[in-house]
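Since the structure comes first, as structure tokens, the remarks are kept for the end.
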């Protein structure tokens, strides 16, 4: 096995595993930039995965090849609606955002498993039959060396995820909406004084995180697990959270970290087949994302600074 | 002041009530009979001696994880890493339990102590990072949970078994299992751990309410700057609080390792005991006596739910929905307080 073969095994798998993390981490960026901590990303992914699989199983016969795409849309909508609970609790009712996020995670798992048992009479769904086809990106896949590595034989949502990171960067840093979003997350009182509706901005941001978390979960379920059970999403939401922190609350950073975590995940799976990695115990690769996040936060990999107002409810008129 | 006391008591009660009502709505909406559902839940928790034994067995770790979360809360920290601390405690207890041959009077305390120590160590890093680098403990403890899960699995495979999925059972001299307790509860898995859990609740109450150190810990949690000004070592207190919280969680793991299961097996995911501990602490108002009651509530909910599929056709996951909603309602206690003040005004 030469280096190029190794890369050809690792890189597409890394992108494949990274896509759900990228979507979800971007969702986290929006929410936390507005000042709402979102520990509930895991739960939002669970809901998205559940909706994605159930929609797919229910409508595959009628909708044919459109099914997986429409399933993603359904997951986006339901994810956004589900995240409203977090928004209502943490923005309107001034709940502790961490506790509310924990409740989101619990509720998502309980509710989706309850409904799976109710609908299918067993703990997990069947495998979905209609997934995404692997595609080659036109033109780009013809580039020698890089083309086959990065742009061939992969799933469309992976490319959408990477594209979305650029879009998010543009939205957060180059548009009036993004400026307001960041203002609300850094200094809500100043933003309020300037006539920005803090509660409204935070609601929107949390719902964007719900939509993207749901999308991430659905992409994971449609492409990677292909069914839904209690273990379908196990820690991916927290890994996305880690990617967001590791990426310093910046869309591009979050994408980079998600790609890196995707690499770690792919290595823990394909590692056994790669010559110089076969003797590394998988456990090191499994814990890598979490250890790196701790190192990042401890300041070993550059200081990671959270939005100033993240975690605190905004009470009008209170200094 | 009086109405504050009353509210402290009313909010968790209302949250539980609202959770149950919401659970009934979910049951109705999905075509189940809530009366039959809750009926079989109560039967499954307290129906006969066996069920009572199982409920008490389930309550045991809940008391300890609830104490762990509450201890951190009371000292101004949010320990979401109880789950990880519990897992390493479980591993340490079983490790000591299988690898030594000692008289019971030494072996059993040693195994429990090892669990406490392991949990404490797992709480040390988040404590140190919080104290010295001001990193929020929530994120670090979440990451520590996953590290605990994967590392423990690897150790079970490589050290405690021969590439297997389960350790050997712990030696009799380190076991909490009790033929007596099992016999009076029709062979439930109830074990002596409940005594340790109750003792731990007393320890926490005594430590926080009756000692100078406890006062310091609470003071630092209440207002770091004032405590600093009063000459307390804020950093040391933050670290100590996290370490003690982790020790409680570690002992919770020992309950599972030495009592309920008597071994440790590799896990595909978390036990949930640590996360449920957050709910137990919140409902118990973060005080030791309240936690004994709320742990019993959660133990009963979890064990009773096992009876729901056969008794009323309701999936057991309904209870997880109820627990999640209870957490929501407690977290949003602002809403409940607002409602209460509305009612009080209306009554006047």
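Chains as they are written, first to last, in the working numbering: chain L, 1 to 319; chain X, 1001 to 1348.
Where is the CB? At the ideal position from N, CA and C, for every residue including glycine.
Source: prediction; values computed, not measured.
Residue-level contact by beta carbon fails for residue 222(L) and chain X, as no gap is shorter than 9 Å. In summary, residue 293(L) is buried, with 16 or more beta-carbon neighbours lying within 10 Å of its beta-carbon over all protein chains present. Per DSSP, residue 1320(X) is one residue of the alpha helix (DSSP H) stretching across 1317–1331. In chain order, 1080, 1081 place their CB closer than 8 Å to the CB of residue 1142(X), counting only its own chain and leaving out the 5 sequence neighbours on each side. In the DSSP assignment, residue 1021(X) forms no beta bridge with any residue. With the rule of 3 Cβ pairs closer than 8 Å, the region 211–229 of chain L counts as touching the region 14–26 of chain L. Identification of residues in the region 1283–1317 of chain X having a C-beta nearer than 9 Å to some C-beta of chain L yields 1309, 1314, 1315, 1316, 1317, given in sequence order.
Under the Cβ distance rule, residue 1143(X) counts among the residues neighbouring chain L, one pair being separated by less than 9 Å. Taking 9 Å as the threshold, the shortest C-beta distance from residue 266(L) to chain X does not fall below it. Residue 80(L) and residue 1254(X) have their C-alpha atoms spaced approximately 41 Å apart. Taking a C-beta distance under 9 Å as the contact criterion, residue 187(L) and residue 309(L) qualify as a contact pair.
Using a CB distance below 7 Å, the part of the region 282–295 of chain L facing chain X consists of 283, 286, 287, 290, 291, 293, 294, ordered along the chain. Of the other Cβ atoms in all chains shown, fewer than 16 fall within 10 Å of the Cβ of residue 153(L); this residue is therefore exposed. Within its own chain, the residues whose Cβ lies closer than 6 Å to the Cβ of residue 1145(X), once the five positions on either side in sequence are excluded, are 1081, 1083, 1084, listed in chain order. Taking 9 Å as the Cβ-Cβ cut-off, the region 1003–1016 of chain X has no residue approaching chain L.
Counting along the chain, the unbroken alpha helix (DSSP H) around residue 1128(X) starts and ends at 1104–1133. In the DSSP annotation of this structure, the continuous segment of the alpha helix (DSSP H) that includes residue 205(L) starts and ends at 198–219.
Judged by DSSP secondary structure, residue 256(L) falls within the alpha helix (DSSP H) whose first and last residues are 251–270. Annotated three-state conformation of residue 1166(X) is strand, per DSSP. Per DSSP, residue 284(L) has no beta bridge partner at all.
Interface with chain L (9 Å Cβ-Cβ cutoff): residue 1121(X) is excluded. If you check each beta-carbon in the region 1257–1272 of chain X against every beta-carbon of chain L, the ones closer than 7 Å belong to 1268, 1269. Closest in C-alpha terms to residue 198(L), from the list 87(L), 57(L), 7(L), comes 87(L). Taking C-beta separations shorter than 7 Å and ignoring five residues to either side along the sequence, the partners of residue 1304(X) in its chain run 1041, 1042, 1044, 1045, following chain order.
With a 10 Å radius around the Cβ and a threshold of 16 neighbouring Cβ atoms, residue 56(L) comes out buried.
Under the three-state reduction of DSSP, residue 230(L) is assigned to coil, being neither helix nor strand. Annotation for residue 1304(X): the continuous alpha helix (DSSP H) segment containing it runs 1288–1305.
Linking residue 146(L) to residue 103(L) through their CA atoms gives a straight-line distance of about 44 Å.
The beta carbon of residue 267(L) sits closer than 6 Å to the beta carbons of 285 from its chain, once the five residues preceding and following it are set aside; these are given in chain order. Residue contact with chain X for residue 234(L): present (Cβ-Cβ distance below 9 Å to some residue of chain X). Taken through DSSP and simplified to helix, strand or coil, residue 309(L) comes out as coil. Taking 7 Å as the cut-off between beta carbons, the residues of the region 88–115 of chain L near chain X are 89, 93, 94, 95, 96, 98, 99, 100, 102, 103, 106, 107, 109, 110, 111, 113, 114, in sequence order. Residue contact with chain L for residue 1125(X): present (Cβ-Cβ distance below 9 Å to some residue of chain L). With 16 or more neighbouring CB atoms inside 10 Å of its own CB, residue 41(L) falls in the buried class. Secondary structure of residue 1051(X) (DSSP, three-state): helix.
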